[in-house]
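Position one of the sequence shown corresponds to residue 33 (the numbering used here), numbered consecutively onward. Each residue gets a CB set at the ideal place from its N, CA and C atoms; glycine is no exception. From a predicted model like this one, the values you see are computed outputs, not experimental measurements.
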Amino acid sequence: MARDGELAAMIPLLWRSLQPMALLLGPRRVLVYNDAFAPLCGDSHPRCFGLPFETASSPQAPALDPMIRAGYAGEARAPQRLPWELRRDGLRTRTTVDLSVTPLLGDAGGVAAVLLVAHPHALAPDGDDRASAPTVDDAARSAALLRAVSDASPDVIFAKDLEGRLLLANPATLALIGKPAHEVLGRTDRELLQDPAAAEAVMRNDRRIMESGIAEEIEEVVPRPDGRPVVWLSRKMPWRREGQVAGLLGISRDITERKRLEQQLAASNDSLNQILGSITDGFAFLDQAWRYTYFSEQGARMFGLRREDVLGRCLWDLFPHAATSRFGAEYRRAMDSGEPVHFEAFYPEPLNSWIECHCYPSREGLAVFFRDVTKSHEVQAALRESEDRLRRIFEASPIGMVTGDESGRILGANSAYLRLLGRSSAELDAGALRWDEVTPPEHLDADRHAIAEVARDGVSRIYEKEYLHAAGHRVPVLVACARLSGDGRLLVGFVIDISERKRAERILAQADQNKNHFIAMLAHELRNPLATIQHGVSMLQRHAAADLSERVLGIMDRQIRHIVRLTEDLLDVSRIGSGKLELRMETVDLREVVHAAVEAARSLLEQAGHRLTLDLPAEGCHVHADHARLVQVVSNLLSNAARYTPPGGRIEVRLRDDGDGFVRLAVSDNGIGVPPELASEIFDLFFQARTDPGPGSGLGIGLSLVRQLVGLHGGTVELVSAGRDQGSRFEVRLPRVADPGRRLAEAPAHASPQAGGRRILIVDDNVDAAEMLAALLSGAGHEVRLRYDGDGLLEAARDFRPQLILLDIGLPRRNGYELAQELTAHWDGRRDSLLVALTGWGSDADRHRARESGFDRHLTKPVAFDALQQLLDDAGGVAGP
Numbered sequence: 033m034a035r036d037g038e039l040a041a042m043i044p045l046l047w048r049s050l051q052p053m054a055l056l057l058g059p060r061r062v063l064v065y066n067d068a069f070a071p072l073c074g075d076s077h078p079r080c081f082g083l084p085f086e087t088a089s090s091p092q093a094p095a096l097d098p099m100i101r102a103g104y105a106g107e108a109r110a111p112q113r114l115p116w117e118l119r120r121d122g123l124r125t126r127t128t129v130d131l132s133v134t135p136l137l138g139d140a141g142g143v144a145a146v147l148l149v150a151h152p153h154a155l156a157p158d159g160d161d162r163a164s165a166p167t168v169d170d171a172a173r174s175a176a177l178l179r180a181v182s183d184a185s186p187d188v189i190f191a192k193d194l195e196g197r198l199l200l201a202n203p204a205t206l207a208l209i210g211k212p213a214h215e216v217l218g219r220t221d222r223e224l225l226q227d228p229a230a231a232e233a234v235m236r237n238d239r240r241i242m243e244s245g246i247a248e249e250i251e252e253v254v255p256r257p258d259g260r261p262v263v264w265l266s267r268k269m270p271w272r273r274e275g276q277v278a279g280l281l282g283i284s285r286d287i288t289e290r291k292r293l294e295q296q297l298a299a300s301n302d303s304l305n306q307i308l309g310s311i312t313d314g315f316a317f318l319d320q321a322w323r324y325t326y327f328s329e330q331g332a333r334m335f336g337l338r339r340e341d342v343l344g345r346c347l348w349d350l351f352p353h354a355a356t357s358r359f360g361a362e363y364r365r366a367m368d369s370g371e372p373v374h375f376e377a378f379y380p381e382p383l384n385s386w387i388e389c390h391c392y393p394s395r396e397g398l399a400v401f402f403r404d405v406t407k408s409h410e411v412q413a414a415l416r417e418s419e420d421r422l423r424r425i426f427e428a429s430p431i432g433m434v435t436g437d438e439s440g441r442i443l444g445a446n447s448a449y450l451r452l453l454g455r456s457s458a459e460l461d462a463g464a465l466r467w468d469e470v471t472p473p474e475h476l477d478a479d480r481h482a483i484a485e486v487a488r489d490g491v492s493r494i495y496e497k498e499y500l501h502a503a504g505h506r507v508p509v510l511v512a513c514a515r516l517s518g519d520g521r522l523l524v525g526f527v528i529d530i531s532e533r534k535r536a537e538r539i540l541a542q543a544d545q546n547k548n549h550f551i552a553m554l555a556h557e558l559r560n561p562l563a564t565i566q567h568g569v570s571m572l573q574r575h576a577a578a579d580l581s582e583r584v585l586g587i588m589d590r591q592i593r594h595i596v597r598l599t600e601d602l603l604d605v606s607r608i609g610s611g612k613l614e615l616r617m618e619t620v621d622l623r624e625v626v627h628a629a630v631e632a633a634r635s636l637l638e639q640a641g642h643r644l645t646l647d648l649p650a651e652g653c654h655v656h657a658d659h660a661r662l663v664q665v666v667s668n669l670l671s672n673a674a675r676y677t678p679p680g681g682r683i684e685v686r687l688r689d690d691g692d693g694f695v696r697l698a699v700s701d702n703g704i705g706v707p708p709e710l711a712s713e714i715f716d717l718f719f720q721a722r723t724d725p726g727p728g729s730g731l732g733i734g735l736s737l738v739r740q741l742v743g744l745h746g747g748t749v750e751l752v753s754a755g756r757d758q759g760s761r762f763e764v765r766l767p768r769v770a771d772p773g774r775r776l777a778e779a780p781a782h783a784s785p786q787a788g789g790r791r792i793l794i795v796d797d798n799v800d801a802a803e804m805l806a807a808l809l810s811g812a813g814h815e816v817r818l819r820y821d822g823d824g825l826l827e828a829a830r831d832f833r834p835q836l837i838l839l840d841i842g843l844p845r846r847n848g849y850e851l852a853q854e855l856t857a858h859w860d861g862r863r864d865s866l867l868v869a870l871t872g873w874g875s876d877a878d879r880h881r882a883r884e885s886g887f888d889r890h891l892t893k894p895v896a897f898d899a900l901q902q903l904l905d906d907a908g909g910v911a912g913p
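Spelled out as structure tokens, the structure:
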């Protein structure tokens, strides 16, 4: 008995065999046969193919029935010679056939088919008694071999008739369908496969092949019984009987895994192609025969080619000029050496561009990455041109420019910088210049600070320093540094020679000093004659004859006070300009300030016949201020109103608490007003002089002093005027003090003058001033002695033992400072006397120097009699001889 699954393996062998062979399939005994068996069917061929053997159209073989039944019973029968009768071309023909029967088992173990192997003898028409000679029967051996091959094959082996019914199915075929042979044979794919779409596709392919009569190799997707899709590579061919297509033979192989790997490879290739296609560089691969096996789209576009026109072409055929160019030489060098090669070269037509190439050889060939670097070359050329241009600017710049590092080296410098140092380019080229050696030691810290700023911020502030010139003198400069390299170690410096500016500053400073000195000298020179006049007035007021006109004395006194006030204003301008004005701050009631200022300006108001109105609050308006300076502010405003208001005008002073922490003092008039175009300049120094004022209009410093003094008190002053001939109002706002307290600078009550005179020594080279002062003091009952220079002063003091010494500073030969030091050091009676500097020099520096020299007090000429009386009272505590 044959082994299980024989039927499946037998079918492909059936079709290929030259031995007449037939199969009876299944319980219906469906007849299928090969081309060699077809002559034994006679005229019934091909109608009988695929029909049950017992039908009338089948060959008459009554003797076969026992053998067939034995086969289906599982018994094999050796060849037996049987009579065979058939019709051919309408004629009855008889012959004998040696026929063997072999049962074929299916995968379920039962008989699935019976194999008939025939060895026909010569056919003879009916009546011909001749018989063919018997042939050698090797059908059994052929069938066994075919069955063994079919069973062992992992491929699906099958045969189908013209209707697509399976005639043969090996074990692999049955496994694909998931059914035993007796349920498969004689049925179509439509009946057997679970996936209708897959079945229709398979049958459609089968019909096409059988209709065309041409074998094909196709891929088909046929799911397994568990639904898992499987890709099959099928080789299908028509089989013929007597030259006519009778069905289809096929062998199919599972290529699912191969397709999966192919898809992965394709996806990987797609990814690689996408990467290579996305890079801006061109990429090509040449095999060992210099044929292009890959050429990227970008590379093809660079050459104006299509990829398909390049692939498979030889480099030297496609680009003949490459053989003599650097590109060909470098490619060969990379292939010969096996080492990577990198180079840049100009590629002529069709590129006319600079190309950068990277060549990587391998066993398979040469990979070449290439890209257009023409723009880079153009940028480099432009950069070189820019560097040349900057170098020309660097050299031609009138500003000194220098490059160096933080260690002190000078690496480069233009001509302006070298001229500034008095150095030569030869010294620079020799490395003989260092910025830390051409910089004075006291300026090195500023340079190091600038280097630190550059390291932190990339640029330094502008700062001043000096350089040492080769000739020995110093050159003042302005310097700024910036980072030249990314790490900040290389610097560029920009240097401007400011020698001329420094010279101009010195000239201006000297001019300013000269101006201040002039003002001080002017005040000093005015004070001496004023002192003489004031003392004379005081004496006349005290001892005048009865016929001396008091009116003349009043006029003199008013003029003197006016000159003194102008002089003080000039000094205040100088003090404020130099920042040396001292304020004696205290709590001040502005009502008192207004009254004091009115008294100071009363004579000017009365002369012009103005009507003054005071609108003051009942309660005090206190501020923290210098009482005398605020009186000066209000007095200047009243004087300004008096001067610029026509005779008989109206002037009002109004004082109010604003309620916002400030008090407001307003001085208004109905005078000539201020045009809008001059309102912004009204507080400028010497403004009146610029506007060509009329007689008696002052020096133009009063309002400037008002603004500066108010500002020093933390306040503001504003002008309100509707225009020319519309009057003016000046408003001063000052911070209010909540708790006024007691005025700090208020002088203590004076004790009554002591009875008896004092011994007073006056030393002054101005004879008139000295004699007038001596007469005034003598008239007051004091003993006075005069000296007109400092010679013999020490002896005079020892002899006279004065209680008060009034010593001028600006004496000939020896000044008052030297004399004060001498008296303090060598006169035993110095501690019992009051030494007072009486001088026209009244700056803070003058007062400080007086104290340092030993003076007890410092009075500025002219001195009012009240101040002298205070000195006399202070000197009263000094014991007499």
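(request) May I ask you to report which of helix, strand or coil DSSP gives A899? (result) Here residue 899 corresponds to residue number 867 of the sequence shown, with the count starting at 1. Here A899 carries a helix assignment [DSSP, helix/strand/coil].
(request) Quick one: grab the DSSP three-state call for D461. (result) Within the sequence shown, the letter at position 429 stands for residue 461. Taken through DSSP and simplified to helix, strand or coil, D461 comes out as helix.
(request) For R466, collect the residues of the same chain with a Cβ closer than 7 Å to its Cβ; drop the 5 residues on either side in sequence, then sort them by chain order. (result) Indexing the sequence shown from 1 puts residue 466 at position 434. Taking R466 as the centre and dropping the five residues before and after it, the same chain places the C-beta of G440, R441 and I442 closer than 7 Å to its C-beta, in chain order.
(request) Could you tell me which of L613, T406 and T435 sits nearest to V527, measuring between CA atoms? (result) Position 495 of the sequence shown, counting from 1, holds the residue named residue 527. If you compare the alpha carbons of L613, T406 and T435 with that of V527, the shortest gap goes to T435.
(request) Check whether the stretch 455-466 touches the stretch 481-495, taking contact to mean three or more Cβ pairs, one atom from each stretch, closer than 8 Å. (result) For the pair of segments examined, the stretch 455-466 was found not to touch the stretch 481-495: the number of CB pairs separated by less than 8 Å stays below three.
(request) Measure from the alpha carbon of G106 to the alpha carbon of each residue in G138, P44, A536 and V868, then state which is nearest. (result) The count along the sequence shown starts at 1 and reaches residue 106 at position 74. Comparing alpha-carbon positions, the option among G138, P44, A536 and V868 lying closest to G106 turns out to be G138.
(message) On the CB-based measure, 16 or more other CB atoms within 10 Å of its CB, does G504 come out buried or exposed?
(response) In the sequence shown, residue 504 corresponds to position 472, counting from 1. With fewer than 16 Cβ atoms within 10 Å of its Cβ, G504 is classed as exposed.
(request) Would you mind stating whether N446 and E427 have Cβ atoms separated by less than 7 Å? (result) Along the sequence shown, read from residue 1 onward, the residue named residue 446 stands at position 414. Along the sequence shown, read from residue 1 onward, the residue named residue 427 stands at position 395. Judged by their CB atoms, N446 and E427 are nearer to each other than the 7 Å cut-off.
(request) Using the DSSP secondary-structure output, state which residues sit across from G440 in a beta bridge. (result) Translated into the one-based positions of the sequence shown, residue 440 becomes position 408. Looking at the DSSP output, G440 bridges to nothing.
(message) Quick check on this structure: which residue in C80, V133 and T127 has the alpha carbon closest to the alpha carbon of M99?
(response) By 1-based counting over the sequence shown, the position of residue 99 is 67. Ranking C80, V133 and T127 by Cα distance to M99 puts V133 first.
(request) Determine the DSSP secondary structure at K268, reduced to helix, strand or coil. (result) If you number the sequence shown from 1, residue 268 lands on position 236. Three-state result, K268: strand.
(request) Reducing DSSP to helix, strand and coil, say where K407 ends up. (result) Along the sequence shown, read from residue 1 onward, the residue named residue 407 stands at position 375. K407 falls in the helix class under three-state DSSP.
(message) Using only CA atoms, which one of H151, L198, A145 and L118 lies nearest to V129?
(response) For this step, residue 129 is matched to residue 97 along the sequence shown. Considering only alpha carbons, the answer is H151.
(message) Tell me whether the stretch 70-87 and the stretch 230-242 touch, counting them as touching only if at least three CB pairs, one residue from each stretch, are closer than 8 Å.
(response) Touching, no, given that fewer than three Cβ pairs across the two stretches are closer than 8 Å.
(request) Could you say which of L826, Y324, S810 and G705 lies nearest to R756 if we only look at CA atoms? (result) Taking the sequence shown and counting its residues from 1, one reaches residue 756 at position 724. For R756, the nearest C-alpha among the options comes from G705.
(message) If you reduce the DSSP assignment to three classes, tell me which class A288 lands in.
(response) Taking the sequence shown and counting its residues from 1, the one referred to as residue 288 is at position 256. Ala is not the amino acid found at residue 288; the sequence shown has Thr there. T288 falls in the helix class under three-state DSSP.
(message) Considering only their Cβ atoms, is the gap separating K291 from V263 smaller than 7 Å?
(response) To locate residue 263, count along the sequence shown from 1; it is residue 231. To locate residue 291, count along the sequence shown from 1; it is residue 259. The Cβ atoms of V263 and K291 lie closer than 7 Å to each other.
(message) Which runs of the beta strand (DSSP E) at least 3 residues long sit entirely within the stretch 634-710? Give them in chain order.
(response) Counting whole runs of 3 or more residues, the stretch 634-710 contains the beta strand (DSSP E) stretches 643-647, 654-657, 682-689 and 694-701.
(message) Suppose only complete runs of 4+ residues qualify. What are the alpha helix (DSSP H) ranges in the stretch 319-349, listed by chain order?
(response) The DSSP assignment places 329-335 and 339-342 as complete runs of the alpha helix (DSSP H) inside the stretch 319-349, in order along the chain (cut-off: 4 residues).
(message) Comparing C-alpha positions only, which one of P52, A711, T677 and D690 sits nearest to S10?
(response) This structure gives no information on residue 10, because the portion of the chain shown stretches from 33 to 913.
(request) Quick one: grab the DSSP three-state call for D97. (result) Start at 1 with the first residue of the sequence shown, and residue 97 comes out as number 65. In the structure shown, D97 sits in a helix (DSSP, three-state: H, G or I).
(request) Label F715 either buried or exposed according to how many other C-beta atoms from any shown protein chain fall within 10 Å of its C-beta, with 16 as the threshold for buried. (result) As a position in the sequence shown, residue 715 is number 683, starting the count at 1. By the 16-neighbour rule on beta-carbons within 10 angstroms, F715 is buried.
(request) Quick one: give me the first and last residue of the alpha helix (DSSP H) that D479 is part of. (result) Here residue 479 corresponds to residue number 447 of the sequence shown, with the count starting at 1. Its alpha helix (DSSP H) spans residues L476 to D489.
(request) Give the range of the beta strand (DSSP E) segment to which S810 is assigned. (result) Sequence index remark: in the sequence shown, residue 810 carries index 778 (1-based). No beta strand (DSSP E) contains S810, which is instead part of the alpha helix (DSSP H) from V799 to G811.
(request) Give the secondary structure of A828 by DSSP, where H, G and I count as helix, E and B as strand, and everything else as coil. (result) Position 796 of the sequence shown, counted from the first residue, corresponds to residue 828. Here A828 sits in helix by DSSP.
(message) If I follow the unbroken alpha helix (DSSP H) through F359, where does it start and stop?
(response) By one-based count along the sequence shown, residue 359 stands at place 327. Membership of F359 in the alpha helix (DSSP H) is indicated by the continuous run R358 to S369.
(request) Could you give the DSSP three-state label for T220: helix, strand or coil? (result) By one-based count along the sequence shown, residue 220 stands at place 188. Coil, per DSSP.
(request) Have a look at R634 and T645 and give me their C-alpha separation to the nearest angstrom. (result) For the purposes of this step, residue 634 is taken as residue 602 along the sequence shown, with counting starting at 1. For the purposes of this step, residue 645 is taken as residue 613 along the sequence shown, with counting starting at 1. The straight-line gap from Cα to Cα measures roughly 12 Å.
(request) Can you tell me the Cβ-Cβ gap for W271 and G282, rounded? I've got them flagged as a contact below 8 Å. (result) Indexing the sequence shown from 1 puts residue 271 at position 239. Indexing the sequence shown from 1 puts residue 282 at position 250. Actually they are not in contact, since the Cβ atoms of W271 and G282 sit about 10 Å apart, beyond 8 Å.
(message) Less than 7 Å between the C-beta atoms of A230 and V216, yes or no?
(response) Stepping through the sequence shown from its first residue, residue 230 is reached at position 198. Stepping through the sequence shown from its first residue, residue 216 is reached at position 184. Annotated as distal: A230 and V216, with beta-carbon spacing of 7 Å or more.
(request) Check the C-beta distance from L766 over to V695 and give it rounded, since I have them as a contact under 8 Å. (result) As a first step, residue 766 must be located in the sequence shown, where it is residue number 734. As a first step, residue 695 must be located in the sequence shown, where it is residue number 663. Contact holds; Cβ gap of about 6 Å.
(message) For a test of the three-state rule: what should DSSP assign to L904, helix, strand or coil?
(response) The residue you call residue 904 lines up with position 872 of the sequence shown. DSSP places L904 within a helical segment (H, G or I) once states are collapsed to three.
(message) DSSP three-state label for T8, please.
(response) Since the first residue shown for the chain is 33 and the last is 913, residue 8 is missing from the structure and cannot be characterised.
(request) For the beta strand (DSSP E) containing E117, list its first residue and its last residue. (result) Here residue 117 refers to the residue found at position 85 of the sequence shown. Looking at the DSSP string, the run of the beta strand (DSSP E) that includes E117 is R109 to R120.
(request) Pick out whichever of G848, R761, C513 and V491 has its Cα sitting closest to the Cα of K497. (result) For the purposes of this step, residue 497 is taken as residue 465 along the sequence shown, with counting starting at 1. The residue with the shortest Cα to Cα distance from K497 is C513.
(request) Name the one or two DSSP bridge partners that V752 has. (result) The residue given as residue 752 occupies position 720 in the sequence shown. Paired residue(s): R761.
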